[in-house]
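**Q**
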Amino acid sequence: MEPLITLIVVTLVILALGAAGVKRLRTWPVALRGGVAAMFVLTGTVHFVWMREELISMVPPILPYPAFIVSLTGVLELAGAIGLLWRPTVIWAAGGLSLLLLCMFPANVYYALSGLATDAHQALLPRTLMQIVFLSATLAIMVYYLWRRNVRRIQAGFDESSIS
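Under this note's numbering, residues 36 to 199 are what the sequence shown spells out, in order.
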């Protein structure tokens with residue numbers, strides 16, 4: 036639940052700062068990038084401290100080297116968070132994080148169905164709904180910046196053709 040709270044709170048704070056006059060923070064994609072980045076900093080950090088053993092236990096037994104997998108996904112989450120904050124890498128970071136969420140979903144299913152989940156918020160339905168929110172956020176960022184890049188390319192093409 037903490038990642039969802041982080042995503043929402045940070046996104047709203049950035050939107051509020053934008054509304055208060057910070058020009059660079061006025062658009063929803065910038066606010067969402069900040070919220071998603073904060074969320075992945077939190078979840079990526081947890082791969083190394085606090086919940087590391089629980090995350091290792093979530094890796095389905097069919098996969099080898101669960102501790103390595105948890106470390107690798109933690110590094111990828113942290114790298115993706117950084118990538119979201121640097122405009123030239125936003126599309127790649129959002130796409131990579133989207134793929135990572137999809138790849139890690141089986142661990143959530145295994146965790147919920149194996150009996151390891153003990154609280155109601157750790158059950159399959161709440162975990163699935165949160166994953167959908169996270170995936171929707173990363174995909175929204177990726178699609179927005181892809182669309183924006185394509186519009187700029189089209190506009191640049193029109194500018195060049197009007198000069199000739």
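Backbone N, C-alpha and C fix where the C-beta goes; we use that ideal spot for every residue, glycine too.
Taking 8 Å as the limit between beta carbons, can you name the residues of its chain near Asn143, skipping five residues before and five after?
**A** Translated into positions along the sequence shown, residue 143 becomes position 108. The answer, listed in chain order, is Met93, Leu159, Arg162, Thr163 and Gln166.
**Q** Counting Cβ pairs, one atom from each stretch, are 3 or more of them under 8 Å apart for the stretch 111-130 and the stretch 62-76?
**A** In short, these stretches touch, since the Cβ pair count reaches three.
**Q** Could you tell me if Arg188 is buried or exposed, where buried requires 16 or more neighbouring beta carbons within 10 angstroms of its beta carbon?
**A** Within the sequence shown, the letter at position 153 stands for residue 188. With fewer than 16 Cβ atoms within 10 Å of its Cβ, Arg188 is classed as exposed.
**Q** Can you tell me which of the three DSSP states Ala129 falls into?
**A** By 1-based counting over the sequence shown, the position of residue 129 is 94. Three-state DSSP puts Ala129 in a helix.
**Q** Which first and last residues belong to the alpha helix (DSSP H) in which Ala102 is found?
**A** Position 67 of the sequence shown holds residue 102. Pro101 to Leu120 is the extent of the alpha helix (DSSP H) around Ala102.
**Q** Less than 7 Å between C-beta atoms, sequence neighbours within five positions excluded: which residues of the same chain meet that for Gly69?
**A** Taking the first residue of the sequence shown as 1, we reach residue 69 at position 34. Val45, Thr46 and Ile49, listed in sequence order.
**Q** So, is Ser133 buried or exposed, given that buried needs 16 or more other C-beta atoms within 10 angstroms?
**A** Position 98 of the sequence shown, counting from 1, holds the residue named residue 133. Buried, because 16 or more other Cβ atoms sit within 10 Å of the Cβ of Ser133.
**Q** By how many angstroms is the C-alpha of Ala54 removed from the C-alpha of Arg61?
**A** For this step, residue 61 is matched to residue 26 along the sequence shown. For this step, residue 54 is matched to residue 19 along the sequence shown. Cα-Cα distance, rounded: 6 Å.
**Q** Is Ala128 buried or exposed, if buried means 16 or more other CB atoms sit within 10 Å of its CB?
**A** By 1-based counting over the sequence shown, the position of residue 128 is 93. Ala128 comes out buried.
**Q** Answer yes or no: do Leu67 and Val81 have a C-beta to C-beta separation smaller than 8 Å?
**A** As a position in the sequence shown, residue 67 is number 32, starting the count at 1. As a position in the sequence shown, residue 81 is number 46, starting the count at 1. Not closer than 8 Å, so no.
**Q** Return the chain-ordered list of same chain residues with a C-beta closer than 8 Å to the C-beta of Leu174, the five sequence neighbours on each side being excluded.
**A** For the purposes of this step, residue 174 is taken as the residue at position 139 of the sequence shown. For Leu174, where only same-chain residues beyond five positions count, the Cβ hits under 8 Å are Ala129 and Ser133.
**Q** Curious, which full-length beta strand (DSSP E) runs of at least 3 residues does the stretch 50-93 contain?
**A** Here no run is fully enclosed.
**Q** What would DSSP say about Ser171, mapped onto helix, strand or coil?
**A** On the sequence shown, position 136 is the one that residue 171 refers to. Ser171 falls in the helix class under three-state DSSP.
**Q** Helix, strand or coil, according to DSSP, for Ala158 in the structure here?
**A** On the sequence shown, residue 158 is found 123 positions in, with the first residue counted as 1. Coil.
**Q** Would you mind stating whether Gly109 and Gly131 have Cβ atoms separated by less than 8 Å?
**A** Here residue 109 refers to the residue found at position 74 of the sequence shown. Here residue 131 refers to the residue found at position 96 of the sequence shown. No.
**Q** Would you report the Cα separation of Met139 and Val105, rounded to the nearest angstrom?
**A** The residue you call residue 139 lines up with position 104 of the sequence shown. The residue you call residue 105 lines up with position 70 of the sequence shown. C-alpha separation (whole angstroms): 10 Å.
**Q** Have a look at Asn185 and Leu52 and give me their C-alpha separation to the nearest angstrom.
**A** Along the sequence shown, one-based indexing puts residue 185 at 150. Along the sequence shown, one-based indexing puts residue 52 at 17. Rounded to the nearest angstrom, the two C-alpha atoms are 28 Å apart.
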